[in-house]
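**Student:**
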Amino acid sequence: MLQCFHADLHVHTCLSPCADIIMSPLRIVQRSKKLKLDIIGICDHNSAENAAATIRAAEHSSVTVLPGMEIASAEEVHVLALFEKTDDVLAMQGFVYQHLPNTSNDPHLFGEQVIANEFDDFLGFHERMLMTATDIPLHTLVQKVHKYNGIAIASHADRPSFGLYGQLGFVPPDLELDAMELSPHISYEQAIIQFPDMIQFPVISSSDAHHLDDIGKNEIQLWLAEPTFSEIQKALKKEDGRKIEEQKRAHED
Ligand SMILES: [Zn+2]
Ligand SMILES: [Zn+2]
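With the working numbering applied, the sequence shown corresponds to residues 14 to 266, in that order.
1. Starting from the Cα of Leu103, find the closest Cα among His121, Pro215, Asp57 and give me that residue.
2. Report the rounded CA-to-CA distance for Asp33 versus His25, giving the unit in angstroms.
3. Between Asp51, Ile41, Ala71, Ser29, which lies nearest to Leu237 when the distance is taken from Cα to Cα?
4. Strictly by DSSP, which residues pair up with Val92?
5. Under the assumption that Ile53 contacts Asn63 (Cβ atoms under 8 Å), give the Cβ distance between them as a whole number of angstroms.
6. Ends of the beta strand (DSSP E) at Met193?
7. Could you tell me which uninterrupted alpha helix (DSSP H) segments, each at least 4 residues in length, are contained entirely in the region 193-255, listed from first to last along the chain?
8. Based on DSSP bridge pairs, tell me the residues matched to Leu15.
9. I'd like the list of long-range same chain contacts for Glu189, defined as Cβ closer than 8 Å, with 5 residues on each side in sequence excluded.
10. Using 8 Å as the Cβ pair cut-off and three pairs as the minimum, do the region 121-139 and the region 94-111 touch?
11. Can you give me the C-alpha to C-alpha distance between Ile245 and Gly229, rounded to a whole angstrom?
12. By Cβ distance, which residues of its chain are closer than 6 Å to Leu249, with the 5 residues on each side in sequence left out?
13. Tell whether a beta-carbon distance below 9 Å holds between Ala222 and Met36.
14. Hey, out of Ser196, Ser174, Ala170, Glu239, whose CA is closest to Pro209's CA?
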């Protein structure tokens, strides 16, 4: 028996220097619960250090949290990497850390990178600059995400900055993306006209929330048997009746 679940698969925490400092794991879960979101993805820039805390914060709630990261490839294309298991996202994080420039974050310029626990306590600051590109080529990045059992989605593919089309101008033919993500700035109908080859991919939309008020502003509805990672994988492939509900999105220009 399939049910419709609401998902916002691209939410940043206070670990991302550009996100609001009050985006703690606990507050994100509380806000998602209030909005009746069933599934959220935690995707900080090039790091997953607040993902496990967000999963723990949601443990006795109705919200399923998928651990993830938003990784910047060498071409400065942002890729959402979502996983089922914390071990897998941490393995991916280990690989990403090997390929991040060894530069310290300047909190005055970029913002603090706060590590928090599930009780709203601040545990410390991540000191390496996260808001930067890795030296991982896009193809390798997508392959690695798959190697660690994740799904790879082109973040805000429609955006001029750090989106796939904006950075490359086209989709490389052998890039095995699991989906494309649209930002809140464009509707599916507009996107397909502007980027015709997008039609070959499953398309999701997410909020890319950096502030509590933005969570859920752009979301997808999924028909699944239960709110799990493997069911989402099936929906992206349209297997066994699982699917993404036809997208009627609110969008801002
Ligand atoms: Zn991004
Ligand atoms: Zn983002």
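Every residue, glycine too, gets a C-beta built ideally from N, C-alpha and C.
Computed from a prediction, not measured in an experiment: that's the story for all the values here.
**Tutor:** Per the coordinate set shown:
1. Ranking His121, Pro215, Asp57 by Cα distance to Leu103 puts Asp57 first.
2. C-alpha of Asp33 to C-alpha of His25: approximately 9 Å in a straight line.
3. Closest in alpha carbon position to Leu237, among Asp51, Ile41, Ala71, Ser29, is Asp51.
4. Val92 is bridged to Ile84, Ala167.
5. Not confirmed; about 12 Å, so no contact.
6. Per DSSP, Met193 belongs to the beta strand (DSSP E) from 192-195.
7. Secondary structure within the region 193-255: the alpha helix (DSSP H) runs of 4 or more consecutive residues, fully enclosed, are 201-207, 242-250 (chain order).
8. In DSSP, Leu15 forms no bridge with anything.
9. By the criterion of a C-beta distance shorter than 8 Å, Glu189 is surrounded in its chain by Val155, Gln156, His159, Ala165, once the five residues flanking it on both sides are discounted.
10. With a cut-off of 8 Å, the region 94-111 and the region 121-139 do not count as touching, because too few Cβ pairs lie within range.
11. Approximately 17 Å, taken between the alpha carbons.
12. In chain order, Asp191, Ala192, Pro215 place their CB closer than 6 Å to the CB of Leu249, counting only its own chain and leaving out the 5 sequence neighbours on each side.
13. Yes, these two residues count as a Cβ contact at 9 Å.
14. Just measuring C-alpha positions, the residue of Ser196, Ser174, Ala170, Glu239 sitting nearest Pro209 is Ala170.
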